[in-house]
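S.K.: Using my numbering, read the sequence shown as starting at -3 and increasing by one per residue. Glycine residues also receive a C-beta, built at the ideal position from the N, C-alpha and C atoms. Owing to the predicted nature of the structure, the values given are computational and were not obtained by experimental measurement.
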Amino acid sequence: MAPTPAHGVRTVTRSSSAFLTLAALLLAVVVGLASACGLLDAEQFIAYSSGAEGARDIAVIRPDGTGGRIIVGHSADDFAPVWSPDRTRVAFLSDRDGNVEVYVTLSFADPSDPSSSSSLRVTNTGVDESHVGWSSDGKRLAYVSPDIDGPPRIYWLELDNLRPHRLIFGREGETDLAWSPEDHWVAFSVQDPNGVPVGIFLRNPGGVNTIQVSQTQDYAPAWSPDGKWLAFVSERDNNQEIYVVEVRADGSVTQQVNVSMNPADDWAPTWSADGKRVVFISGRNGSPDLFSVTLGRVGVPDGTGLVPLTANDFDESAFVVGPSGRVVFTSTPSGKSDLFVMEPDGTGQRRLTADFLPNTQPAW
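(1) Taking buried to mean at least 16 other C-beta atoms within 10 Å of its own C-beta, is residue 43 buried or exposed?
(2) Examine chain B for any beta-carbon lying closer than 8 Å to the beta-carbon of residue 134, and answer yes or no.
(3) So within the region 316 to 349, which uninterrupted beta strand (DSSP E) runs reach at least 3 residues, ignoring any that extend past its ends?
(4) Can you tell me the Cα-Cα spacing of residue 198 and residue 190, whole angstroms?
(5) Keeping to the same chain, check which residues put their C-beta closer than 7 Å to that of residue 95; ignore five residues upstream and five downstream.
(6) Leaving aside the five residues before and after residue 207 along the sequence, list all residues of the same chain whose C-beta is less than 7 Å from its C-beta, in chain order.
(7) Hey, residue 167 and residue 154: beta-carbon distance below 8 Å or not?
(8) Taking C-beta to C-beta, are residue 194 and residue 188 nearer than 8 Å?
(9) Specify the secondary structure class of residue 210 as computed by DSSP and reduced to three states.
(10) Could you have a look at residue 112 and say whether DSSP puts it in helix, strand or coil?
(11) Return the CA-CA distance between residue 350 and residue 251, expressed in angstroms with no decimal places.
(12) Excluding the 5 residues flanking residue 91 on each side, which residues of the same chain have their C-beta closer than 6 Å to its C-beta?
(13) Measuring alpha carbon to alpha carbon, tell me which of 104, 103, 278 and 330 ends up nearest residue 262.
(14) In chain order, what residues of the same chain have a beta carbon less than 6 Å from the beta carbon of residue 348, not counting five sequence neighbours either side?
(15) For residue 315, collect the residues of the same chain with a Cβ closer than 8 Å to its Cβ; drop the 5 residues on either side in sequence, then sort them by chain order.
(16) Which complete beta strand (DSSP E) runs does the region 234 to 313 hold, if anything under 3 residues is left out?
(17) Could you give the distance in angstroms between the alpha-carbon of residue 249 and the alpha-carbon of residue 258?
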């Protein structure tokens, strides 16, 4: 007998079934229209959260600082935008229905009226969702949702029916999901009952294979663009370090390699679009700064590839690497968070946002 979810609020009632059917039909219609319209010339736009926590909107801006505007405006808190792979839609989190749920844009706001955007709620749980990720074909979303008794669980759904599926059944918590580029695996971190990470795992959505990549205090997995490598954070050396491991097609892995190698904490690994560098945040200069490392010989650091990208007394708390290798990051030289952009080697740094609002969570 197959196990059933313990996530009590997930039981599909007649009303929730009607919600799923109507929502999926509406999404299918509007997605077709959005794809045909090429909204915003979105390939050139960075999305981000604009405003103080509790009253954020979803905004966009070009990497040259032009075209800034609100694309999702609401009196509630809308935040954590993630572009769909075809860049016609944005998934985001919002508390507009009383708790934090996952939403997908149906239409972006008119520049003259930020409140004119239209979005569809794609989860319906009564608890707070987090950490949204798209499959590379844009047909599925995965997200983290707390179970009825507390531990976080990973769910995924298809946008044509919106029915949630548990990624894996187990007693432990799951978080930090990362969908592989070819959609074969979801990488994630497992937590013990105290919320301590106990390893990185792989699971094929809708399948039966679960593979353990590591069995130490590891988390925050990030796939290389070709899907052959995973970078992640590990505390096996009694501090946060960035490790890289090769993942073969069958899910088996090679030796795990430390690519940050510093007694300070290093975290938030992200791959460059060409897969030749890993960008991360490090505290080795006394405050969070950005660094990149060239992997050298097949995942083994060559000792000369570490490049400091920022060096200041402010906190770089979030960043994203764009398709050309440029990096957009947040920093606080004015006392609030703003977006900045720089070249892959850290040169040419300049501010993108200069309004009076905090600007965070860039997505490119």
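M.R.: Taking the definition as stated:
(1) As a position in the sequence shown, residue 43 is number 47, starting the count at 1. So residue 43 ends up on the buried side.
(2) Of the protein chains in the structure, only one exists, and it is not chain B.
(3) 323 to 327 and 334 to 338
(4) Residue mapping note: residue 198 aligns to position 202 of the sequence shown, counting from 1. Residue mapping note: residue 190 aligns to position 194 of the sequence shown, counting from 1. One C-alpha to the other measures close to 21 Å.
(5) Residue 95 sits at position 99 when you count from the first residue of the sequence shown. Correct list, in chain order: 122, 123 and 124.
(6) In the sequence shown, counting from the first residue as 1, residue 207 sits at position 211. Counting only Cβ-Cβ distances below 7 Å, and skipping sequence neighbours, we find 197, 198 and 247.
(7) Here residue 167 refers to the residue found at position 171 of the sequence shown. Here residue 154 refers to the residue found at position 158 of the sequence shown. No, these two residues do not count as a Cβ contact at 8 Å.
(8) Position 198 of the sequence shown holds residue 194. Position 192 of the sequence shown holds residue 188. Yes, they are a contact pair.
(9) Position 214 of the sequence shown, counted from the first residue, corresponds to residue 210. Residue 210 falls in the coil class under three-state DSSP.
(10) Here residue 112 refers to the residue found at position 116 of the sequence shown. Residue state, collapsed to three classes: helix.
(11) Mapped onto the sequence shown, residue 350 falls at position 354. Mapped onto the sequence shown, residue 251 falls at position 255. Taking the straight line from one Cα to the other gives about 45 Å.
(12) Residue numbering aside, residue 91 sits at position 95 when the sequence shown is read from its first letter. Closer than 6 Å at the Cβ level, and outside the excluded window around residue 91, lie 72 and 73.
(13) Translated into the one-based positions of the sequence shown, residue 262 becomes position 266. For the residues 104, 103, 278 and 330, the minimum Cα distance to residue 262 belongs to 278.
(14) The count along the sequence shown starts at 1 and reaches residue 348 at position 352. These residues qualify, in order along the chain: 57, 61, 335 and 337.
(15) Sequence index remark: in the sequence shown, residue 315 carries index 319 (1-based). Cβ within range, chain order: 264, 266, 275, 277, 286, 323, 324, 325, 326 and 358.
(16) 237 to 242, 262 to 267, 273 to 278, 285 to 290 and 302 to 304
(17) Taking the first residue of the sequence shown as 1, we reach residue 249 at position 253. Taking the first residue of the sequence shown as 1, we reach residue 258 at position 262. One C-alpha to the other measures close to 24 Å.
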